[in-house]
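Plus 6 on top of the position in the sequence shown (first one is 1) and you've got our numbering.
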Amino acid sequence: MISVSNLTVAFGGFTLYDNISFMVGARDRIGLAGKNGAGKSTLLKIIAGYQRPDTGDISMPSGYTIGYLAQDMAHNLGKTVFDEASTAFQELKELERKIEYITEQLTVRTDYETDSYMDLINQLNDANERIVVLGGHAIEGEVEQVLRGLGFSHHDMHRLMDEFSGGWRMRVELAKILLRRPNALLLDEPTNHLDIESIQWLEEFLKTYEGAVILVSHDKAFLDNITTRTIEISLGKLHDYKANYSKYLVLRKERRETQLAAAKNQQREIEKTERLIDQFRAKSSKASFAQSLIKKLDRMEIIEIDDEDNSSIRFRFPPAPRSGKVVVEANQCVKYYDDKCILNKVDVMIEREDKVAFVGRNGEGKSTMIRMIMGEATTSGEVKQGFSVDAGYFAQDDADTMNPDKTVFETIDELALGDVRKQVRGILGSFLFSGDTVDKKVKVLSGGERTRLALCRLLLKPHNLLILDEPTNHLDLRSKEVLKQALMNFDGTLIVVSHDRDFLQGLTNKVFEFKGGQVKEHLGDVYEFIRSRKIDELSDLEKKTSPFTASKPEPKPAKNTIDEGAKEREKEVRQLKSRLAKKEEEIAQLEAFIKKFDEQLADPGKYQEIMNNKTAYAEYDQKRKLLEQCMEEWTALNEQIDASN
């Protein structure tokens with residue numbers, strides 16, 4: 007159990023926390039919520055003991071252990087991945103030495119009735135219990151299990167840490183923390199360097215973890231799947247909700263509405279009481295009554311309404327110039343890194359207005375393919391952009407490649423051309439850079455601020471192809487929603503690499519899966535892809551026959567049974583195909599309506615008029631939801647037809 011009492015932290019006159027307190031239970035699953043800069047990461051550092059508050063205390067039981075994963079960590083080099091991960095069991099080795107020493111003492115000592123002898127027995131019991139929690143002597147299997155869950159192959163176990171990128175080294179640090187099995191896990195953006203499969207594995211691990219978990223994450227789906235409690239930090243105050251992130255958003259809205267209603271009722275009561283006081287104050291016969299009313303007002307506790315921090319980025323991408331029908335085409339692409347084949351005779355075609363997600367485990371070639379499209383990586387085969395394509399590119403490391411000694415304003419101003427230079431301050435303001443913040447140097451910006459600044463550069467000229475490689479890392483949830491909406495309204499072609507399922511949901515209409523050197527195209531969004539992958543894996547399992555059992559040949563049915571079964575299947579397929587054709591007509595009508603509405607939204611002259619028309623926008627939103635439902639039904643019908651053939 008962790009107790010946070012009366013915590014206050016201030017920086018240069020700005021109060022980050024103002025006398026906040028809360029408790030962390032033994033098996034709590036807590037998500038910290040709040041915008042970038044609210045103090046979520048700082049709170050984890052204070053609990054972990056890496057930073058001291060101005061006032062207040064953090065207390066926990068003796069021997070209580072904490073595992074802390076920071077966003078940026080120093081990594082040990084020179085060891086293999088397996089050996090570095092195995093250093094997590096330093097505590098286990100110390101416990102084994104301690105048990106050996108205590109056992110020897112108990113053997114040679116004869117003062118059985120003394121307190122010191124009983125204390126040794128208690129220490130021995132505690133040490134043995136802790137060894138059981140840590141996994142005992144089965145550490146090699148556990149190390150490999152955790153590393154494989156986080157995306158490492160068996161071959162990777164024996165490679166040096168020096169051979170891996172910072173993201174993969176961070177996975178080893180996460181593995182070490184999970185293997186130590188501390189009483190509490192404090193994880194700051196643990197999914198930033200994980201692919202979708204590794205995130206799903208980590209979710210399952212954390213759900214069954216024996217200790218407490220406190221998370222900072224901008225992955226809404228990840229928070230919803232793990233947390234049962236949300237602590238919001240906003241404007242120096244703390245609000246505690248016994249709910250996951252999505253439910254917390256609903257409860258926060260309901261709480262504020264209740265406060266507003268109660269405050270209005272109280273204000274009416276105050277005004278009524280003040281009128282009575284004014285009415286009876288001058289009358290001697292009613293003076294005592296007036297005084298009692300005054301005392302009543304003095305005793306009344308004024309209902310406070312929670313302050314809301316509503317600042318968020320707000321922008322729209324410029325209308326996209328029209329490109330040719332084929333935007334990106336790759337033919338027979340082959341790419342090797344050392345002896346490893348990343349892409350093997352890959353063909354890819356992306357057409358105008360496609361919204362495409364690149365997914366797959368890290369190291370499968372997603373970012374490599376993007377660099378090929380941008381002409382930054384060589385390959386055998388052909389990768390080319392289509393006619394009149396103008397690509398805007400956000401790379402994973404864009405936020406770290408900006409000149410650290412330039413100011414925010416200088417970073418954007420040097421790239422702006424023509425009339426856009428007059429709009430630089432307005433563009434920066436839409437990304438929450440205004441006033442004195444435009445004069446801050448890049449090197450003092452937070453991770454989220456640097457990401458916002460890098461994205462800001464994409465607005466300096468119109469593009470008809472946007473390529474975004476992990477754009478949501480370090481963005482808070484509100485900023486991610488704004489970015490997602492802007493991309494949904496973008497009328498050009500989109501390629502996005504992301505592991506954030508909630509961000510991708512509804513954003514893309516195609517998923518390109520990178521796996522084993524190949525690229526496979528899936529229609530639909532990321533959740534449809536995940537569902538289809540699970541079906542594929544199960545069907546693969548069903549196709550395999552156990553080597554220990556010999557399958558008996560099934561008896562052949564009679565001829566008339568075959569005929570009747572075939573006729574029944576043909577009838578069923580005809581009915582399914584008829585339903586499929588009707589569903590395709592419905593989808594086409596919905597897509598035409600949505601496309602026309604999106605075009606109107608992209609028109610600055612009509613945008614505000616449409617947004618003010620709540621009925622029209624509600625119909626648009628209803629059509630989008632209906633389209634998602636129709637696509638799911640269309641997929642299900644196709645699967646039924648395939649199964650019947």
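Backbone N, C-alpha and C define an ideal beta-carbon position, used for all residues, glycine too.
- prompt: Which whole runs of the alpha helix (DSSP H) in the stretch 395-469 are 4 residues long or more, in chain order?
  reply: 404-407, 414-419, 430-436, 453-462
message: Checking the sheet assignment: what are the DSSP bridge partners for G37?
response: L221, T236
field: Reduced DSSP category for S386 - H, G, I as helix; E, B as strand; rest coil
entry: strand
field: Limits of the beta strand (DSSP E) - the one that S27 falls within
entry: 20-30
message: Taking the straight line between their C-alpha atoms, what separation do you get for P327 and R358?
response: 11 Å
message: Given this structure, state the Cα-to-Cα distance separating G381 from E388, to the nearest angstrom.
response: 11 Å
- prompt: Do R49 and L38 have their C-beta atoms within less than 8 Å of each other?
  reply: What sits at residue 49 in the sequence shown is Leu, not Arg. It is a contact, given that the beta carbons lie within the stated cut-off.
- prompt: Roughly how many angstroms lie between the CA atoms of P325 and A16, to the nearest whole one?
  reply: 43 Å
task: Return the first residue and the last residue of the alpha helix (DSSP H) that I308 is part of.
output: Here I308 belongs to no alpha helix (DSSP H), and DSSP marks it neither H nor E.
query: Using a Cβ-Cβ cut-off of 6 Å (strictly less than) and excluding sequence neighbours within five positions of W640, which residues of its own chain qualify?
result: K589
message: Which residue marks the beginning of the alpha helix (DSSP H) containing N619, and which one marks its end?
response: Careful: N619 lies outside any alpha helix (DSSP H) and carries neither H nor E.
field: Spatially closest choice to N479 from V30, N42, M7, by CA coordinates
entry: N42
task: Inspect the CB distances between the stretch 63-82 and the stretch 186-195 and report whether three or more fall short of 8 Å.
output: yes
message: Using only CA atoms, which one of L464, D396, G392, T234 lies nearest to G330?
response: G392
- prompt: Can you tell which of A227, N368, S452, R261 has the C-alpha that lies nearest to the C-alpha of S47?
  reply: S452
- request: Could you say which of G366, Y533, R322 lies nearest to I433 if we only look at CA atoms?
  value: R322
query: Nearest-angstrom Cα distance between V30 and M66?
result: 10 Å
message: Using C-beta distances below 7 Å, list every residue in its chain close to Q402, excluding the 5 sequence neighbours before and after it, in chain order.
response: S373, D475, E476
message: So for Q646, helix, strand or coil by DSSP?
response: helix
field: C-beta contact flag for N368 and D201 at 8 Å
entry: yes
- request: Report back the beta-carbon spacing between L513 and K361 to the nearest angstrom; my notes put them in contact at under 8 Å.
  value: 6 Å
message: Report the CB separation of Y247 from R258 in whole angstroms; it is logged as a contact under 8 Å.
response: 7 Å
query: Does DSSP put F323 in a helix, a strand or coil?
result: coil
Nearest-angstrom Cα separation, counted from L156 out to E370: 15 Å
task: Look at the alpha carbon of C347 and the alpha carbon of V340, and state the distance between them as a whole number of angstroms.
output: 8 Å
- prompt: Whose C-alpha, out of K577, K182, Y123, is nearest the C-alpha of Q151?
  reply: K182
query: Where in the stretch 236-306 do unbroken runs of the beta strand (DSSP E), each at least 3 residues long, occur, reported from the N-terminal end onward?
result: 243-247
- request: Express the C-alpha separation of W174 and I205 in angstroms, rounding to a whole number.
  value: 14 Å
- request: Note the first and the last residue of the continuous beta strand (DSSP E) segment covering T48.
  value: Not the beta strand (DSSP E): T48 falls in the alpha helix (DSSP H), residues 46-54.
task: Give me the Cα-Cα distance between M306 and L244, rounded to the nearest whole angstrom.
output: 24 Å
- prompt: What do you reckon, are the CB atoms on L632 and L586 nearer than 8 Å?
  reply: no
message: In the DSSP output, which residue or residues are listed as bridge partners for Q652?
response: Here the chain has residues from 7 to 651 only, and residue 652 is not among them.
query: Apart from the five residues on each side of it in sequence, which residues of its chain come closer than 6 Å, Cβ to Cβ, to N198?
result: N479
query: Tell me the DSSP bridge mates of H528?
result: V517
- prompt: Under a Cβ-count criterion, where at least 16 other Cβ atoms within 10 Å of its own Cβ denotes burial, should V178 be classed as buried or exposed?
  reply: buried
- prompt: Based on the DSSP secondary-structure assignment, which residues constitute the bridge partners of F364?
  reply: V503, F518
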